[in-house]
Amino acid sequence: MPASASAVPPMSSAVAPFLPAKDPQLAMPKRYHGVPEKCRGFILQCELVFASQSQVYQSDMSRITYMISLLTGPALDWATALWYKRETTTYMRFLE
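Just so it is clear: in the sequence shown, position 26 is 26 by the UniProt record's numbering, and no numbers are missing.
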């Protein structure tokens with residue numbers, strides 16, 4: 001056998017294991033107190049969570065309850081009154 005043939009290392013037949021893609025780790029949105037100037041940013045942060053965890057937040061109700069859980073002060077007072085009306089609402093109507 002020629003010397004050059006024995007100097008070539010054998011090719012590896014091992015295949016790297018399949019690793020499922022992970023959802024990005026997002027910071028939890030800051031609690032929202034009802035300051036109008038901060039509303040759009042709060043909604044954006046929540047929507048980023050919904051997009052990155054779409055299997056968890058498929059329904060309007062899951063999105064609404066998540067957002068309400070982050071409200072405090074006047075914003076929570078508003079949401080509490082809306083919640084106890086027991087009217088069915090959509091996520092889009094909740095944002096209005």
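Each residue gets a CB set at the ideal place from its N, CA and C atoms; glycine is no exception.
Asked	Found
Thr80, enclosing alpha helix (DSSP H) - first and last residue	73-84
Supposed contact pair Leu70 and Arg40 - C-beta distance, whole angstroms, cut 8 angstroms	15 angstroms between Cβ atoms; not a contact.
Bridge partner(s) assigned by DSSP for Tyr32	Leu71
Alpha carbon of Tyr57 to alpha carbon of Trp83, nearest angstrom	18 angstroms
Backbone secondary structure at Ser52 - three-state DSSP	helix
Status (buried if at least 16 other CB within 10 Å, exposed otherwise) for Ala27	exposed
Leu95 - containing alpha helix (DSSP H), residue span	91-95
Contact the stretch 77-91 vs the stretch 58-66: 3+ CB pairs below 8 angstroms	yes
Where Gln25 sits in the DSSP three-state scheme	coil
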